[in-house]
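When we follow this note's numbering, the leftmost residue of the sequence shown carries the number 74, and every step to the right adds one. A short worksheet on the structure shown next.
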Amino acid sequence: MRTAVERRKATFLRGHRAEWIALLFLVAKGYRPLARRYAAAGGEIDLIMTRGDTIAFVEVKARGIMDDALAAISATKRQRFSRAARAWLSRYPHAQSKTWRADAVFIAPKRWPQHIVSAFELEIT
Numbered sequence: 074m075r076t077a078v079e080r081r082k083a084t085f086l087r088g089h090r091a092e093w094i095a096l097l098f099l100v101a102k103g104y105r106p107l108a109r110r111y112a113a114a115g116g117e118i119d120l121i122m123t124r125g126d127t128i129a130f131v132e133v134k135a136r137g138i139m140d141d142a143l144a145a146i147s148a149t150k151r152q153r154f155s156r157a158a159r160a161w162l163s164r165y166p167h168a169q170s171k172t173w174r175a176d177a178v179f180i181a182p183k184r185w186p187q188h189i190v191s192a193f194e195l196e197i198t
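Here it is, written out as C-alpha cells:
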C-alpha cells in the first residue's frame, strides 16, 4: 500500500505530465504559450496561451475517466482561477485589448485530450 506522501507525489507527477500534454496539444492547434503555472491572488492558472487576438487562460484536469475530469472544476476553483486571471491582466496592460476566455483541457488515459473553448465564465469585472 502506498503512503500519503507517495500518493501526493504520484498525483503531482500526473498533473505535471498532463500540463505538458495539454501544452503540446494546444501548440499543435496553433496556440503560443505566454505562461505556465501562473499563481497569484490565491489562485493558479495552469497555462496561459494566445492565438490571434485571444488570450486563453487554461485549466488542465487529468482524471482516470473523462467524465470525472469534466466535473472537476468547482465553483471555488473558478473563483480562484478568475482572481489569478485578473492579477495577470493587471500586470500585462497590452492584454487589455485582447479577447479573454477560460478554456479547459481534459486528459484521461488512452484518450485524446479534449479542449473545451470557453469552458466557464471568467469573473473579471
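All C-beta atoms in this analysis are idealised placements derived from N, C-alpha and C, irrespective of residue type, glycine included.
Cα-Cα, which of H167, T76, G115, A95 is closest to I180? A95
Give the DSSP-derived three-state secondary structure of R75 in the structure shown. In the structure shown, R75 sits in coil (DSSP, three-state: anything other than H, G, I, E or B).
According to DSSP, simplified to helix, strand and coil, what is I121? strand
By the three-class DSSP mapping on this structure, what secondary structure does G103 have? coil
Using DSSP with H/G/I as helix, E/B as strand and the rest coil, what is R184? coil
Can you give me the Cβ contacts of V190 inside the same chain, cut-off strictly under 6 Å, excluding the 5 residues immediately before and after it? D176
Mind checking Y104: buried by the 16 CB within 10 Å criterion, or exposed? buried
Please classify D126: is it buried, with 16 or more other beta-carbons within 10 angstroms of its beta-carbon, or exposed? Exposed is the call here.
Going by C-alpha distance, which of K134, G137, A135, I118 is nearest I128? I118
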